[in-house]
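A.B. asks: Got a structure here, written out as structure tokens. Questions coming.
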Amino acid sequence: MKITANTAVTLRMKVTDSQGLVYDDGKHPVAYLHGDYDNLFPKLEAALEGQESGFQTTLELTAEDAFGERDEALVTTMPKAEFPPGVKVGGQIQRPGPNGEPRYYFVTKIKGPTVLLDGNHPLCGKTLRFALKVMDVREATAEEIAHQHVHGEHGHQH
Numbered sequence: 017m018k019i020t021a022n023t024a025v026t027l028r029m030k031v032t033d034s035q036g037l038v039y040d041d042g043k044h045p046v047a048y049l050h051g052d053y054d055n056l057f058p059k060l061e062a063a064l065e066g067q068e069s070g071f072q073t074t075l076e077l078t079a080e081d082a083f084g085e086r087d088e089a090l091v092t093t094m095p096k097a098e099f100p101p102g103v104k105v106g107g108q109i110q111r112p113g114p115n116g117e118p119r120y121y122f123v124t125k126i127k128g129p130t131v132l133l134d135g136n137h138p139l140c141g142k143t144l145r146f147a148l149k150v151m152d153v154r155e156a157t158a159e160e161i162a163h164q165h166v167h168g169e170h171g172h173q174h
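This is the structure we're talking about:
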């Protein structure tokens, strides 16, 4: 079966940066719903369109085509006195972003009475290489299409 809109695709995806640092070793398959559901970067989805199980390719995506450029406006601080207990460096907290909308921030440092936060995705600003191998392609169920993601093994669990 070919990858087209409303197919459930299972693939292995190894992700590295331009220096070869591995962010995902690709050992654990992932599943996504193909067809502009924002489940996969558009350039990766375009490369997979019309392919079948067994297809392999490697693509390099610029920061703009992957997680975007870093936005220094999303780097902020908060008083440690207002910081939720139990959250450590590397953890996340939700708080209002620059436009007032809720946003997740990574805790990057706790220094004295101040907590440093970064609302950027950790891979922002990086060119990334994706080595893809299609493991399976099947028709998506009506429920998966309605929910806009794949259910079951390697997909979203309800």
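Sequence positions in the sequence shown follow this note's numbering and run 17 to 174.
The beta-carbon is built from N, C-alpha and C at its ideal position, and this holds for glycine as well.
Since we're looking at a predicted model, the values are computed, not measured.
#1: Check whether the region 149–162 and the region 27–44 are in contact - that is, three or more C-beta pairs closer than 8 Å.
#2: Does the region 106–125 come close enough to the region 64–74 that 3 or more CB-CB pairs lie under 8 Å?
#3: Given this structure, state the Cα-to-Cα distance separating L49 from L133, to the nearest angstrom.
#4: So does the region 75–90 actually touch the region 42–56, counting three or more Cβ pairs closer than 8 Å?
#5: Excluding the five sequence neighbours on either side, which residues of its own chain have a C-beta within less than 6 Å of the C-beta of P118, listed in chain order?
#6: Are three or more beta carbon pairs between the region 68–81 and the region 157–166 nearer than 8 Å?
#7: Ignore the nearest five residues each way along the sequence and tell me which others in K18's own chain have a CB closer than 8 Å to its CB.
#8: Quick one: is K43 buried, meaning 16 or more other Cβ sit within 10 Å of its Cβ, or exposed?
#9: R145 and T32 look like a contact to me (Cβ under 8 Å); what is the Cβ gap, rounded to whole Å?
#10: Enumerate in chain order the residues of its own chain whose CB-to-CB distance from G141 is below 7 Å, with the five nearest sequence positions on each side excluded.
#11: Can you tell me whether P114 is buried or exposed? The criterion is at least 16 other CB atoms within 10 Å of its CB, across all chains shown.
C.D. replies: Let's see:
#1: yes
#2: no
#3: 33 Å
#4: no
#5: Q110
#6: no
#7: G66, Q67, E68, V153
#8: exposed
#9: 5 Å
#10: A79, E85, R86
#11: Sixteen is the threshold: since fewer than 16 other Cβ atoms of the shown chains lie within 10 Å of the Cβ of P114, the residue is exposed.
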